[in-house]
Each structure stands twice: as C-alpha cells, then as structure tokens.
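In this note's numbering, the protein residues as written are 13 to 457.
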C-alpha cells in the first residue's frame, strides 16, 4: 500500500509503457515484484532492461536468471552486454553508468517508452548526500536523487522507492521469497560509496534510527529553498536585463549575496561552470569602477565584458568586423554607407527640411570621405577643438562602438561621427556664409 501511494504520485496507469532497469539485485527484483502487484488500474505495461557488465564471474548466471524470469512472467526483455574489451582502466563506474543509460535511451526511443524506472532507495539517497558533502561543491548539488528527472527530451527517469530503506526492501524480498543475486563488489571498501555504506551510515543509524528520514526531510527543504531562491534570482535578472546584457550600475548596488546568486545564474544559463574563486574574481572585476571598460577571460571561448553601465558574456570571436577602406563623397549626390545616407550639396541645389540633420559649410572640403578613426582626428565643438578619442570617452562609447564608428572627414578634421544609430555633427558658425550643406540620414534596414 505504501508503494502504491508513492506510485500514484507519477500519475501513470495501464495505458502507459515503462522500462524497468533491473540488475537482479534485491532492490531491483523487489521493484519488479512491487510493480507486478500494482492494481490493474495503476499497473503500467512493463518491459525490462538489463545490462551484463561482465564485471564479475556470476554475471552469466544473472543473465540466465533474468531471461528465465522474464519468460516465466511474460515480460519483454531488452538486454545488452558491456564487453570486457570496452572497459576503461580508470573511472569504470562512471563509464558503466554511461553505457547503461545510453542503452536505456536507445530502447526507449525504439519502443516509444517515455519512462525508465530505477530502484534507487533511501540508503542510496543518504550515501549520495554524504559523498557530495565529503567531496564539496555547489549547494544545489546536495539536493540529491530526484524522484523524477528528465533523461532526454520528453523522456524521464522515475524512482518510486526513494522513501523505502534498504532494510525494508530486503525484508520484502525475504517475506515474498524473491530470488536475487548479491553483487560482491558492493563489499569492496576501496570504493568511497561502499565505505560510507558499511562504516558511516550504520553508525549514524545507531545514533538515530530516523537518520534516513531526516536526510530526506532536509533535502526536501533544501530543494524548496533553492527553488524559491531561483525564482527571486530570475525576477531580479529580468529587472537588470538590457538590450544586449545586464545593467552594471544596478547590479553593483545589490547585496553581495544577491550579486553572487545572479552571476551564478547567468553563468549557468550560458553553461559556463566556474569555481568559487573564479566567481569571486568576477564579482571584484565587475565592482572595479577604476576601469569602466575591461574583459575577464572565463575560458578559452568566453569572456565577461563590462562597458560602462553594461556587462555581458561574449565569445572570443565576437568582435565586430568593420570596413577599413574609406568611401569618397561626391558633390550633389547621395552616398550610402551601412545604414547612413550622406550627401554634400551646393546650397542652392538642396532645400533643407525640418527633418534633416545637416551642417553648413563655407567651402567645399578637399578629399571628403567616410572612414574609421585615426589617432590624431579632431572635431570642432561648441567649446573648441576636441580629439575624437576624448569625445568617445565623454560620450562613454564602448570599445566596440569606437571600432565600428564611422567618421565623415577631411584629412584629420571630422565633420560628423556616426555610431549606434546616433549622429554627432561638428559645430559650425551659423553667421558664416553657407555655400554648401552636408545632410546625413539614418536609414533602418
């Protein structure tokens, strides 16, 4: 009845197909039996997945047993062998798991099955929790084994035994006279999980028989707390969003804990794993107001870039490609450069309208062209001549905007700056005789 209660949480019934991952151990054989004894209304269509890892001598007997069991109980069996020549020298547990789950995915796609069921139980949960605690890492990693987890698009792993202890499953198997095999590698204390299983957890259970339930309760609380935090972080992140990044000024006004949580969320969205030291360095980098434009190298592909009031993640190759060749402007005709329409006209050849952006010229400049900035470029402003570099700084142009900016120029004298849909015109003497006019229009593509 307890298992039925747990199973109902998944809302599956007789119309659904499931794949049971079976190892022939006590956990998985108890799971198979429990699934077979569900009431018809709640009992799905069961298929069995079994992998012979060839890691121990008795694997041939186990393979024969599961074949006979499935035949006797009219269960469709999918089996595969992980041959010894495929075994790696190190990391064999991880590679075995990868082989197993790839096999599950293949079967699920072939048979159109959405769910694979595993026999993970409360002791597995506690072991996983303690292993992660010992190894260290991010807080969210302590959430442990989920009852339902996405395996791949539209397909899930279900674990209905997480609220049952190993002892309960063993008692169930004995009571119902189930046949199963012991995995002798589970007794090898060279493996961390086995040391925790044999040496640590029994002592904790002796201290408090409710130890497994407390682990489960703490993980439930932790999961809810993290989910609430994630929602708050997502809301705050949306408030900081700009057209191409996030607002740096508002970000730096937040408490350090909020900044760290938001930065980690950004990095997680970009699939950029970093350690605590890197995260701290990036927060210090973003808080440094002495250098308003700078980049922090996250890895060989990605950089964290700040540009005055904005920060964003960019690729190493995300540098705007700008044209280097100049474009000459001809009298009494329009010239089209990128999104701009530029014309030089004799004053009596063009009628200025209220919508035009223009300046008057007393004489026709020699070699007038559109180009990119040169080191000694200057521009006439209301307060006198200014270097273009200083104008860029005063206007807080980003490095990308500076590289992409177009200048309407003659030699080193600049008549206009064109950048980021903005047009900055040189100051001219309105009392002087105007013989020519220069008109610039921005055209949306």
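C-beta: ideal position from N, C-alpha, C; glycine also.
Where the beta strand (DSSP E) containing residue 317 begins and where it ends: Segment 314 to 319, the beta strand (DSSP E) holding residue 317.
Whole-Å CB distance - residue 471 paired with residue 351, under 8 angstroms assumed: The structure shown has nothing for residue 471, since the chain only spans 13 to 457.
For residue 398, the three-state DSSP class (helix, strand or coil): strand
Span separating the alpha-carbon of residue 387 from that of residue 150: 48 angstroms
Through-space distance from residue 135 to residue 178, alpha-carbon basis: Straight-line Cα distance between these residues: approximately 6 angstroms.
Residue 186 - DSSP class collapsed to helix/strand/coil: helix
Length of the line joining the Cα atoms of residue 102 and residue 108: 11 angstroms
DSSP three-state assignment for residue 180, whether helix, strand or coil: helix
Beta-carbon spacing of residue 43, residue 143 below 9 angstroms: no
Reduced DSSP secondary structure (H/G/I, E/B, other) of residue 330: For residue 330, the predicted structure reports a pLDDT of 41, less than 50, and the residue's modelled location is therefore unreliable. The matter cannot be settled from this model.
Minimum length 3: unbroken beta strand (DSSP E) runs contained in the region 338 to 391: 345 to 349, 352 to 358, 369 to 373 and 381 to 383
Secondary structure of residue 91, DSSP reduced to three states: strand
Buried versus exposed, by CB contacts within 10 Å (16 or more), residue 333: Its pLDDT being 38, under 50, residue 333 is placed unreliably in this model, and the value from its coordinates should be taken loosely. Result: exposed.
CA-to-CA distance, residue 234 to residue 437, given in whole angstroms: 59 angstroms
Cut-off 7 angstroms between Cβ atoms - residues of its own chain near residue 161, not counting five sequence neighbours on either side: 168 and 169
Nearest to residue 26 (by Cα), restricted to the options 41, 56 and 46: 56
Any 3 or more C-beta pairs closer than 8 angstroms across the region 398 to 408 and the region 355 to 369: Short answer: they don't touch.
Three-way DSSP call (helix, strand, coil) for residue 86 in this model: coil
CA-to-CA distance, residue 342 to residue 359, given in whole angstroms: 15 angstroms
Nearest-angstrom Cβ-Cβ length linking residue 38 and residue 112, presumed shorter than 8 angstroms: Actually they do not touch by this definition, with Cβ atoms about 18 angstroms apart.
Residue closest to residue 225, alpha-carbon to alpha-carbon, out of 186, 191, 133 and 184: 133
Rounded separation between residue 327 and residue 312 - CA only: 9 angstroms
Neighbourhood of residue 317 by C-beta, 7 angstroms cutoff - its chain only, sequence neighbours within 5 removed: 307, 323, 324 and 326
Minimum C-alpha distance to residue 16 - residue among 40, 35 and 54: 54
Inter-stretch contact at 8 angstroms, needing at least 3 Cβ pairs: the region 235 to 250 / the region 271 to 291: Touching, per the Cβ criterion.
Terminal residues of the beta strand (DSSP E) in which residue 134 lies: Per DSSP, residue 134 belongs to no beta strand (DSSP E); it is in the alpha helix (DSSP H), 134 to 147.
Per-residue burial, residue 156 [other beta carbons within 10 Å of its own, 16 or more giving buried]: buried
Reference residue 210; option with closest CA among 346, 431 and 138: 138
Under 9 angstroms between C-beta atoms of residue 404 and residue 416: no
DSSP three-state assignment for residue 125, whether helix, strand or coil: coil
Proximity below 9 angstroms, CB of residue 52 to CB of residue 127: no
Among 451, 193 and 221, nearest to residue 72 - alpha-carbon criterion: 193
Secondary structure of residue 335, DSSP reduced to three states: Confidence at residue 335 is low in this model, with a pLDDT of 43, below 50, so the placement of that residue is unreliable and no value is reported for it.
Buried versus exposed, by CB contacts within 10 Å (16 or more), residue 130: buried
Neighbour-count burial assignment, residue 22, 16 or more Cβ in a 10 Å radius: buried
Inter-residue spacing [alpha-carbon to alpha-carbon] between residue 47 and residue 14: 12 angstroms
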